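**Student:**
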Amino acid sequence: MNSSKTTIKSQISIKYVIISLASIISISLILKLYTTDFSIPVFSDNLSYALSAIAHVNGDFSQSSHRGIGWSIFVAIFYSFINSENFLVYSNAIKIISLAVASSTIFLVYLLGRKFFDQRYSLVIAGLFAFVPHLNYNSGFGLSEPLSHLTLIAAFYFVINKNTKFIIPSLLLAGILWWIKFNEIFVLFILIIIYFVTKRNSPNLYRNLFIGILIFLAVVSPMLYDRYEQFGDPFFNAYSPYIFTGSWEKIISIEVGHGQESQTTTAFDFIDENGLLSFFQTFFLNGIYNILSVLWKISFPYLFILIPFGIIFSFRAFDQDKKLILANWLFIILSLGSLILVFSLIPDQRHLYYIFPFLIIFCTIPIQRVTEYGLSTFSFSQKQKSIFLVIVVAIALVLSAWFTLRYDVSDPLLENEKYEFAEYVAQNFDGNSLREFGISLDYLNLVYVENSPESFKNCKVGSKELCNYDKSNGYLNRITIIGNSVEEIITKGETYDLKYIIANKEKNVFHGFIDDIYHHEEKYPYLKKIFDSSNQGFEKLKIKVFEIDYKKFNKLLNE
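What the sequence shown shows, in our numbering, is residues 30 to 588, in sequence order.
And the structure:
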């Protein structure tokens with residue numbers, strides 16, 4: 030087969046490429062906007078980023094104890110042009126910035142595709158990437174993923190360039206990525222491995238790598254120095270000392286990760302207590318299983334069909350540079366391997382969104398193979414090839430739109446009730462509450478920020494996102510306690526002054542048995558109901574709050 034002739038015939042005009050990309054980006058933006066609500070302020074991790082960005086504008090560049098500040102610094106550039114007393118303005122600004130970065134990444138993915146395919150198939154790659162519903166849904170929250178994805182793709186784009194000098198901008202971007210995502214230091218080593226494997230015997234191999242590493246160190250050294258000044262350790266992460274506790278629940282619990290008697294746990298500690306086999310299963314097998322399980326879930330609604338064929342065809346890819354295919358394989362395998370430990374504890378699909386463009390490259394190989402060379406019974410003309418590719422992208426768009434419609438877009442009534450309940454909590458509750466991972470307290474931190482003595486514009490990065498809220502007026506502190514029953518939770522809770530338990534109608538992430546309190550409160554006479562959303566006129570928010578009567582509990586326990 031003469032692939033050179035195919036390449037010549039398949040060339041299309043720059044004008045067509047620009048129009049096609051503009052159309053793809055516009056459609057993708059519509060899908061993104063469908064799941065983005067500008068009437069609701071940021072309230073979770075995105076609240077932390079927004080407040081940190083405001084703090085940066087005021088000159089506070091303190092490091093976070095558990096996340097990078099690269100995204101908030103980037104947002105601060107735009108916040109410096111905003112002067113408003115309405116926090117919703119800043120909230121919407123970070124969402125718009127996130128949407129803009131996510132949309133611009135589509136063009137970069139097209140350029141990455143050009144390393145492997147001609148223009149037409151690169152447009153297919155851009156389309157498949159642009160219509161991934163998980164990415165579109167995530168892009169409107171104001172989180173750091175869009176910028177980290179853009180930076181990561183750009184770093185990979187440069188490292189696979191044939192000229193060794195491009196390792197320099199690649200490692201520079203790896204340094205910037207570390208500012209954005211503090212746990213993504215693994216990217217540096219993956220890029221270096223890809224560099225050596227694909228560019229052996231190339232001129233100036235070591236010289237350019239040395240320059241690149243120097244630039245990387247120059248980029249990250251201010252961050253590492255600041256972390257050393259703040260925490261006494263340049264690589265400090267609030268969760269790292271407790272990784273080998275064996276579960277995310279233990280890491281964030283007051284008994285282990287956040288208690289006054291917290292102690293660093295090591296792999297040897299876990300092995301001594303649970304055995305080597307349990308260690309292997311918990312931190313290796315579970316991690317691999319969770320990664321594969323999440324990959325399967327996020328490959329819907331259309332990539333799950335193409336990925337298996339893409340993987341098979343990648344082993345015999347004759348229209349792509351074998352070194353580039355090898356680089357793509359290395360990045361996928363090594364990056365997923367570096368996440369095994371993380372996924373053994375936290376199988377959060379957001380951690381795998383970065384992998385989409387690299388999987389889509391493989392997914393496009395079978396599309397190209399069928400289009401260019403047909404099957405044993407038929408082949409396409411040039412016109413039919415173009416029509417077929419348009420149909421492929423159109424099918425992806427239809428499936429994406431259908432999948433997007435299934436997302437739970439915000440319900441104004443429910444969100445208003447959640448905010449109203451958060452205000453009620455801030456005004457009436459004081460003490461420790463069992464942390465619930467439902468939806469009832471989504472807006473509590475936001476309410477604390479809005480009711481702080483200082484304006485949200487004076488927040489500090491290190492103030493736990495509460496802007497020095499005056500706790501003397503009442504403050505609900507949410508704590509996690511490890512337990513397998515309500516009785517065990519309360520028994521331990523007395524030691525930590527646990528006062529409240531909030532029961533959602535929806536399932537609790539860690540303590541599913543808490544749901545039973547909502548449905549069968551009569552079984553727990555030592556729990557005094559002090560709030561019931563149904564009795565307060567709430568229509569959508571279904572929660573009950575109970576105060577623990579330890580005297581009655583201990584009496585019943587001893588009978």
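Here a beta-carbon is modelled for each residue, glycine too, at the ideal position from N, C-alpha and C.
As the structure is a prediction and not an experimental result, all values here were calculated from the model.
#1: Once the 5 residues before and after Ile-37 are set aside, which same chain residues still bring their CB inside 6 Å of it?
#2: From Leu-234 to Cys-488, what distance separates their C-alpha atoms?
#3: Per the contact definition of three or more C-beta pairs closer than 8 Å, is the segment 409-419 in contact with the segment 540-557?
#4: Do Ser-439 and Ile-69 have their C-beta atoms within less than 7 Å of each other?
#5: Roughly how far, in whole angstroms, is the beta-carbon of Ser-109 from the beta-carbon of Val-86, given that I think they are within contact range, below 8 Å?
#6: State the Cα-Cα distance for the pair Met-252 and Gln-92, rounded to the nearest angstrom.
#7: How about Gly-275 and Thr-311: do their beta carbons lie closer than 7 Å?
#8: Measuring CB to CB, does Leu-157 end up less than 7 Å from Tyr-186?
#9: Pick from Ser-173, Lys-44 and Ser-307: whose alpha carbon is nearest that of Phe-273?
#10: Taking C-beta to C-beta, are His-202 and Thr-180 nearer than 7 Å?
#11: Please determine if the segment 349-356 and the segment 211-230 are in contact, where contact requires at least 3 C-beta pairs separated by less than 8 Å.
#12: Using the Cα positions of Ile-98 and Val-476, report the straight-line distance between them to the nearest angstrom.
#13: Ordered along the chain, which non-local residues of its own chain (more than five positions away) have a Cβ less than 6 Å from that of Tyr-166?
#14: Between Phe-342 and the rest of its own chain, which residues show a CB-CB distance below 8 Å, the 5 nearest in sequence each way excluded?
#15: Give the C-beta separation of Ile-154 and Ile-389 to the nearest angstrom, bearing in mind that I take them to be a contact with Cβ-Cβ under 8 Å.
#16: Using the rule of at least 16 other Cβ atoms within 10 Å of the residue's Cβ for burial, across every protein chain shown, is Thr-400 buried or exposed?
#17: Determine the direct distance from the alpha carbon of Asn-457 to that of Leu-505, and round the result to whole angstroms.
#18: For Trp-208, which option in Lys-571, Phe-103, Asn-230 and Arg-149 has the closest C-alpha, if you only look at C-alpha atoms?
#19: Would the beta-carbon of Asn-266 fall within 7 Å of that of His-95?
#20: What do you reckon, are the CB atoms on Lys-447 and Asp-471 nearer than 7 Å?
#21: From which residue to which residue does the alpha helix (DSSP H) around Tyr-224 run?
#22: Using CA coordinates, which residue listed in Asp-578, Phe-344, Ala-532 and Ser-469 is at the minimum distance from Thr-520?
#23: Cα separation between Ile-123 and Asp-298?
#24: Could you check what DSSP says for Arg-507 in three-state terms: helix, strand or coil?
#25: At which residues does the beta strand (DSSP E) containing Asp-561 begin and terminate?
#26: Can you look up Ile-530 in the DSSP assignment and give me helix, strand or coil?
**Tutor:** Reading from the atomic positions:
#1: Walking along the sequence shown from the start, residue 37 turns up at place 8. Bear in mind that a pLDDT of 38 at Ile-37, under 50, signals an unreliable position, so the model cannot answer this.
#2: As a position in the sequence shown, residue 234 is number 205, starting the count at 1. As a position in the sequence shown, residue 488 is number 459, starting the count at 1. Computed Cα separation, rounded: 47 Å.
#3: The segment 540-557, when compared against the segment 409-419, does not touch it at the 8 Å Cβ threshold.
#4: Mapped onto the sequence shown, residue 439 falls at position 410. Mapped onto the sequence shown, residue 69 falls at position 40. Taking 7 Å as the Cβ cut-off, Ser-439 and Ile-69 qualify as a contacting pair.
#5: Looking up residue 109 in the sequence shown gives position 80. Looking up residue 86 in the sequence shown gives position 57. Contact between Ser-109 and Val-86 holds: CB atoms are separated by about 5 Å, below the 8 Å threshold.
#6: If you number the sequence shown from 1, residue 252 lands on position 223. If you number the sequence shown from 1, residue 92 lands on position 63. Taking the straight line joining both Cα atoms gives about 8 Å.
#7: Within the sequence shown, residue 275 is the residue found at index 246, counting from 1. Within the sequence shown, residue 311 is the residue found at index 282, counting from 1. Pairing Gly-275 with Thr-311 gives a Cβ-Cβ distance under 7 Å.
#8: Locating residue 157 in the sequence shown gives position 128, where the first residue counts as 1. Locating residue 186 in the sequence shown gives position 157, where the first residue counts as 1. Leu-157 is not a Cβ neighbour of Tyr-186, given a cutoff of 7 Å.
#9: For the purposes of this step, residue 273 is identified with residue 244 of the sequence shown, where counting begins at 1. The closest CA to that of Phe-273, considering only Ser-173, Lys-44 and Ser-307, is found on Ser-307.
#10: Mapped onto the sequence shown, residue 202 falls at position 173. Mapped onto the sequence shown, residue 180 falls at position 151. Looking at the sequence provided, one finds Leu at residue 202 rather than His. Yes, the Cβ-Cβ distance between Leu-202 and Thr-180 is below 7 Å.
#11: Yes, since at least three Cβ pairs between the segment 349-356 and the segment 211-230 fall closer than 8 Å, the two stretches touch.
#12: The count along the sequence shown starts at 1 and reaches residue 98 at position 69. The count along the sequence shown starts at 1 and reaches residue 476 at position 447. Taking the straight line from one Cα to the other gives about 23 Å.
#13: Here residue 166 corresponds to residue number 137 of the sequence shown, with the count starting at 1. Cβ neighbours of Tyr-166 beyond the five flanking positions: Thr-64 and Tyr-436.
#14: Looking up residue 342 in the sequence shown gives position 313. Excluding sequence neighbours, Phe-342 sits near Phe-391, Ile-394, Pro-395 and Arg-398.
#15: Counting from 1 along the sequence shown, the entry for residue 154 is found at position 125. Counting from 1 along the sequence shown, the entry for residue 389 is found at position 360. For Ile-154 against Ile-389, the beta-carbon gap comes to about 5 Å, under 8 Å, which counts as contact.
#16: Here residue 400 refers to the residue found at position 371 of the sequence shown. Buried.
#17: What you label residue 505 is simply residue 476 of the sequence shown in a count that begins at 1. What you label residue 457 is simply residue 428 of the sequence shown in a count that begins at 1. Straight-line spacing of the CA atoms in Leu-505 and Asn-457 works out to 9 Å.
#18: Taking the sequence shown and counting its residues from 1, the one referred to as residue 208 is at position 179. Distance check between Trp-208 and each of Lys-571, Phe-103, Asn-230 and Arg-149 places Phe-103 closest, using alpha-carbon atoms only.
#19: To locate residue 266, count along the sequence shown from 1; it is residue 237. To locate residue 95, count along the sequence shown from 1; it is residue 66. Yes.
#20: Your numbering for residue 447 matches position 418 in the sequence shown. Your numbering for residue 471 matches position 442 in the sequence shown. By the CB criterion at 7 Å, Lys-447 and Asp-471 fall inside the cutoff.
#21: The residue labelled residue 224 in the question sits at position 195 within the sequence shown. First-last of the alpha helix (DSSP H) with Tyr-224: 215-227.
#22: As a first step, residue 520 must be located in the sequence shown, where it is residue number 491. Answer by Cα proximity: Asp-578.
#23: For the purposes of this step, residue 123 is taken as the residue at position 94 of the sequence shown. For the purposes of this step, residue 298 is taken as the residue at position 269 of the sequence shown. Using only the alpha carbons, I get a separation of about 42 Å.
#24: Here residue 507 refers to the residue found at position 478 when the sequence shown is read from its first residue. Of the three classes helix, strand and coil, the one that applies to Arg-507 here is strand, per DSSP.
#25: Residue 561 sits at position 532 when you count from the first residue of the sequence shown. Asp-561 -> beta strand (DSSP E) spans 556-561.
#26: Numbered from 1 along the sequence shown, position 501 holds the residue referred to as residue 530. In the structure shown, Ile-530 sits in a strand (DSSP, three-state: E or B).
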